[in-house]
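Working notes, beginning with the structure itself.
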Amino acid sequence: MAEKRIGQMRFEELPPSLQKKLRRQKIVPRLKPKKLNRSVAGNTLLFFIMGVCAVFMVLPLVMIVNNALKPLDELYQYPPKIWVRNPHLENFSDLFTLMNDTWVPFSRYLMNTIIITGAGILGHVIIASLAAYPLAKHKFPGKNILFSMVVLSMMFSWTVTQIPQYAIISWMGINNTYLALILPACAYGMGLYLMKQFMEPLPDSLMESARIEGCSEWGIFWKIVMPNVKPAWLTLAIFQFQSMWGNTGSLFLRDEQLKPMQFALQQITAGGAARAGAAAAVTFIIAAVPIAFFLMCQSSVLETMTTSGMKD
Numbered sequence: 646m647a648e649k650r651i652g653q654m655r656f657e658e659l660p661p662s663l664q665k666k667l668r669r670q671k672i673v674p675r676l677k678p679k680k681l682n683r684s685v686a687g688n689t690l691l692f693f694i695m696g697v698c699a700v701f702m703v704l705p706l707v708m709i710v711n712n713a714l715k716p717l718d719e720l721y722q723y724p725p726k727i728w729v730r731n732p733h734l735e736n737f738s739d740l741f742t743l744m745n746d747t748w749v750p751f752s753r754y755l756m757n758t759i760i761i762t763g764a765g766i767l768g769h770v771i772i773a774s775l776a777a778y779p780l781a782k783h784k785f786p787g788k789n790i791l792f793s794m795v796v797l798s799m800m801f802s803w804t805v806t807q808i809p810q811y812a813i814i815s816w817m818g819i820n821n822t823y824l825a826l827i828l829p830a831c832a833y834g835m836g837l838y839l840m841k842q843f844m845e846p847l848p849d850s851l852m853e854s855a856r857i858e859g860c861s862e863w864g865i866f867w868k869i870v871m872p873n874v875k876p877a878w879l880t881l882a883i884f885q886f887q888s889m890w891g892n893t894g895s896l897f898l899r900d901e902q903l904k905p906m907q908f909a910l911q912q913i914t915a916g917g918a919a920r921a922g923a924a925a926a927v928t929f930i931i932a933a934v935p936i937a938f939f940l941m942c943q944s945s946v947l948e949t950m951t952t953s954g955m956k957d
């Protein structure tokens with residue numbers, strides 16, 4: 646909708662009496678009401694389809710919560726029921742009993758997961774942002790070739806690079822350490838691509854003004870660029886959290902004291918029918934933590950999807 650400014654004010658911000666006077670004098674044309682492209686029946690059908698899709702997307706989460714509260718007889722009931730009839734928390738108590746009876750305490754597995762996930766997210770966000778800044782706001786020979794290589798790396802499945810990745814980690818001598826999981830997480834091409842695309846619309850005049858004031862490139866990056874692309878790196882942190890949280894480390898970690906919580910939980914779920922209740926509790930824990938992290942940062946994700954940064 647076209648907007649005319651009166652001085653520094655928009656036409657809609659003027660008093661109603663002044664708006665009528667300007668319209669009578671034909672200084673501002675009378676705005677016609679915008680017609681909707683869809684009818685009431687079309688909107689109703691659209692919301693109905695969206696509601697059905699939402700139900701199908703929420704149903705697995707509802708079943709995970711209910712299964713975690715079901716006793717064994719309801720877990721093996723056929724046909725399976727979605728809603729629990731006799732909820733209880735014995736599945737979680739059985740899970741913690743099994744974890745306390747293991748050779749390595751559960752707190753050790755949890756600490757390993759926190760270290761690997763936290764370091765992987767922090768390293769990936771920082772390295773991807775540092776690499777994306779010159780690709781987005783500087784000109785140098787080979788810039789397009791480097792970015793094309795990053796985009797090309799996103800086309801390969803993780804299984805294709807699994808053997809070369811293992812060979813490189815073994816050559817570096819960091820196998821069976823935390824770095825075996827943290828360093829590959831820092832080199833995820835999707836993060837660099839996202840940060841570059843979000844940094845490109847930032848106005849060059851903003852950075853030129855900072856350079857005139859004597860700000861260094863390091864200061865421009867941390868004080869101007871990173872605050873303006875906060876929605877992008879928070880979204881990147883969510884994606885990386887989901888990947889790191891579900892990592893079992895089975896390919897690179899051999900010592901039991903170094904393995905993350907996901908590996909220990911998978912061992913519990915492989916115990917057979919007697920551990921079905923504990924397995925349901927494990928599924929709930931695995932799904933609940935990434936969902937909670939997403940809910941805390943969902944506003945930034947939505948902002949990333951609806952905007953692409955500042956513009957001149």
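Each position in the sequence shown, counted from 1, maps to that position plus 645 in our numbering. C-beta atoms are modelled at their ideal positions from N, C-alpha and C, and glycine is treated no differently.
query: Looking only at its own chain, which residues have a Cβ that is under 8 Å from the Cβ of ASN789, when we skip the five neighbours before and after it?
result: Position 144 of the sequence shown holds residue 789. Same-chain partners within the cutoff: there are none.
query: If you count every other CB in all the chains shown that lies within 10 Å of the CB of ARG650, and 16 or more means buried, which is it?
result: Reading the sequence shown from its first residue, position 5 is the one you call residue 650. Annotation note: pLDDT 44 at ARG650 (below 50); position unreliable, coordinate value reported separately. ARG650 is exposed by the Cβ-count criterion.
task: Assign CYS831 to one of two classes, buried (16 or more other C-beta atoms within 10 Å of its C-beta) or exposed (fewer than that).
output: Taking the sequence shown and counting its residues from 1, the one referred to as residue 831 is at position 186. Classification of CYS831: buried, given that the 10 Å Cβ count is 16 or more.
message: Let me confirm a value: GLY614 is counted as buried when at least 16 other C-beta atoms fall within 10 Å, else exposed. Which label applies?
response: With the chain covering 646 to 957 only, the question about residue 614 has no answer from this structure.
- prompt: Helix, strand or coil for ASP718 per DSSP?
  reply: Translated into positions along the sequence shown, residue 718 becomes position 73. The answer is helix: DSSP assigns ASP718 an H, G or I state.
- prompt: So what's HIS769 in DSSP terms, helix, strand or just coil?
  reply: Start at 1 with the first residue of the sequence shown, and residue 769 comes out as number 124. In the structure shown, HIS769 sits in a helix (DSSP, three-state: H, G or I).
Identity of the residue in ALA923, CYS942, PRO786 nearest PHE886 by Cα: Counting from 1 along the sequence shown, the entry for residue 886 is found at position 241. The residue with the shortest Cα to Cα distance from PHE886 is CYS942.
Whole-Å CB distance - MET844 paired with ILE766, under 8 Å assumed: Start at 1 with the first residue of the sequence shown, and residue 844 comes out as number 199. Start at 1 with the first residue of the sequence shown, and residue 766 comes out as number 121. Going by Cβ atoms, the distance from MET844 to ILE766 rounds to 19 Å, so no, they are not a contact pair.
message: At the level of alpha carbons, what is the spacing between LYS904 and HIS733?
response: Within the sequence shown, the letter at position 259 stands for residue 904. Within the sequence shown, the letter at position 88 stands for residue 733. Near 30 Å, if we compare the C-alpha coordinates of HIS733 and LYS904.
query: In whole angstroms, what separates the C-alpha of PHE938 from that of TYR823?
result: Sequence index remark: in the sequence shown, residue 938 carries index 293 (1-based). Sequence index remark: in the sequence shown, residue 823 carries index 178 (1-based). Distance between the alpha carbons of PHE938 and TYR823: 23 Å.
query: My guess is that ASN712 and TRP728 are in contact by the Cβ rule of under 8 Å, so how many angstroms apart are they, rounded?
result: On the sequence shown, residue 712 is found 67 positions in, with the first residue counted as 1. On the sequence shown, residue 728 is found 83 positions in, with the first residue counted as 1. Going by Cβ atoms, the distance from ASN712 to TRP728 rounds to 11 Å, so no, they are not a contact pair.
query: Of the residues ALA825, ALA932, VAL796, which one's Cα is nearest the Cα of TRP900?
result: Looking up residue 900 in the sequence shown gives position 255. With the sequence shown as reference, residue 900 is identified as Asp, and Trp is not the correct amino acid for it. Among ALA825, ALA932, VAL796, the Cα nearest to that of ASP900 belongs to ALA825.
Selection from GLY696, LEU706, VAL700, LEU743 that minimises the alpha carbon distance to ALA923: Residue mapping note: residue 923 aligns to position 278 of the sequence shown, counting from 1. Residue LEU743 is the option with its Cα nearest to ALA923.
- prompt: Would the beta-carbon of LEU828 fall within 8 Å of that of ALA777?
  reply: Indexing the sequence shown from 1 puts residue 828 at position 183. Indexing the sequence shown from 1 puts residue 777 at position 132. No, Cβ-Cβ distance for LEU828 and ALA777 is not below 8 Å.
query: Where in the region 801 to 828 do unbroken runs of the alpha helix (DSSP H), each at least 4 residues long, occur, reported from the N-terminal end onward?
result: 807 to 817
task: Quick one: residues in its chain with C-beta nearer than 8 Å to the C-beta of MET950, no 5 flanking neighbours on either side, listed in chain order?
output: The residue given as residue 950 occupies position 305 in the sequence shown. Unreliable positioning characterises MET950 in this predicted model, as indicated by a pLDDT of 49, which lies under 50. The coordinate reading is nonetheless provided below. No residues qualify anywhere along the chain.
- prompt: Which first and last residues belong to the alpha helix (DSSP H) in which ILE865 is found?
  reply: The residue you call residue 865 lines up with position 220 of the sequence shown. Counting along the chain, the alpha helix (DSSP H) containing ILE865 begins and ends at 862 to 865.
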